[in-house]
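Enquirer:
Protein chains in written order, with the numbering used here: chain A, -1 to 110; chain B, 46 to 159.
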């Protein structure tokens, strides 16, 4: 699976959009971009995933650049409950190979 | 629907002792995973089951760690004997099948080895 690079930490004001970048310059054509987050003392929670098109769900939007070498997770109206560590993971969709390889992620702090 | 259940939530043992963790996945989920998360790091996969068969245990320290999933539902992870470096949060996750996009994680068991 391709390696990802994320900033160690970020702050965002409550009510503003939080934009979390991820670099995955060695991504292969069959690899998806996944985002999970981990709130303190909880297990990770799936947020969203995408291959090459931008994706949106009730939690967030995922913007993937045309060359697929980077992506941005957008939380449109951040709340205090969005304070968490956010993990960007790149993984090929192979049946039987389900391993999620987590890095150290970005610690996002929402400021009141 | 009920989430992934794990017990105990916390455990403190001395080195060289044994410990076991239990996981009950979401009903109907065929795939079950155990991850180890050391403080300050992301989770690392230890073992993956598909029903009651092992799919991937390449990162499981087999000299001291063992896991089973009897009847393809509940699972236990055992450490025997424990070392100081085993202090971590042990997370269980499940997904409906192989190839599913989303893994559902439990709250984890925090193990402290003294």
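A virtual CB, placed ideally from N, CA and C, is assigned to each residue, including glycine.
Predicted model only: the values in this text are computed from it and were never measured.
Chain B beta carbons: is any one of them nearer than 8 Å to that of residue 18/A?
Expert: It does not: the Cβ of residue 18/A has no partner Cβ on chain B nearer than 8 Å.
Enquirer: Hey, how far is the Cα of residue 91/B from the Cα of residue 104/B?
Expert: If I take the Cα positions, the gap works out to 5 Å.
Enquirer: Taking just the CA atoms, how far does residue 20/A sit from residue 50/A?
Expert: Rounded to the nearest angstrom, the two C-alpha atoms are 14 Å apart.
Enquirer: Measure how close the beta-carbons of residue 158/B and residue 131/B come, nearest whole angstrom, since I'm counting them as under 8 Å.
Expert: Going by Cβ atoms, the distance from residue 158/B to residue 131/B rounds to 5 Å, so yes, they are a contact pair.
Enquirer: Would you please state the rounded distance, in angstroms, between the beta carbons of residue 81/A and residue 106/A? I believe it to be under 8 Å.
Expert: Their Cβ separation, rounded to whole angstroms, is 6 Å, which keeps residue 81/A and residue 106/A in contact under 8 Å.
Enquirer: Would a C-beta distance cut-off of 8 Å place residue 94/B and residue 114/B closer than the cut-off?
Expert: Yes, the pair counts as a contact, with Cβ atoms nearer than the cut-off.
Enquirer: List, in order along the chain, the chain B residues whose C-beta lies closer than 7 Å to that of residue 85/A?
Expert: Neighbours of residue 85/A on chain B, chain order: 87.
Enquirer: With a cut-off of 8 Å, does the C-beta of residue 42/A fall near any C-beta of chain B?
Expert: At least one chain B Cβ lies under 8 Å of residue 42/A.
Enquirer: Please determine, among 133/B, 98/B, 89/B, 67/B, the residue with the shortest C-alpha to C-alpha distance to residue 80/B.
Expert: Of the listed residues, the one whose Cα sits closest to residue 80/B is 89/B.
Enquirer: If you compare alpha carbons, which of 65/A, 71/A, 28/A is closest to residue 83/A?
Expert: Closest option to residue 83/A, Cα to Cα, is 71/A.
Enquirer: Flag residue 49/A as yes if its beta-carbon sits less than 8 Å from any beta-carbon of chain B, otherwise no.
Expert: Not closer than 8 Å to any Cβ of chain B, the Cβ of residue 49/A fails to qualify, so no.
Enquirer: Compare the C-beta of residue 119/B with all C-beta atoms of chain A and state if any pair is closer than 8 Å.
Expert: Cβ-Cβ to chain A under 8 Å: no for residue 119/B.
Enquirer: Classify residue 56/A as buried or exposed, calling it buried when 16 or more other Cβ atoms lie within 10 Å of its own Cβ.
Expert: Exposed, by the Cβ-count rule.
Enquirer: If you draw a straight line from the alpha carbon of residue 67/B to that of residue 60/B, how long is it in whole angstroms?
Expert: Going by the C-alpha atoms only, they are around 20 Å apart.
Enquirer: Please determine, among 75/A, 24/A, 16/A, 85/A, the residue with the shortest C-alpha to C-alpha distance to residue 44/A.
Expert: That would be 85/A, whose Cα lies nearest to the Cα of residue 44/A.
Enquirer: Check for me: the beta strand (DSSP E) holding residue 84/B runs from which residue to which?
Expert: Unbroken run through residue 84/B: none, as it is neither H nor E.
Enquirer: Give me the chain C residues within the contact set of residue 102/A, using Cβ-Cβ distance strictly less than 8 Å, ordered along the chain.
Expert: Note that chain C does not occur in the displayed structure, where the protein chains are A and B.
Enquirer: Could you list which residues in chain A have their beta carbon closer than 9 Å to that of residue 146/B, in chain order?
Expert: Within 9 Å Cβ-Cβ: 30, 32, 44, 47, 91.
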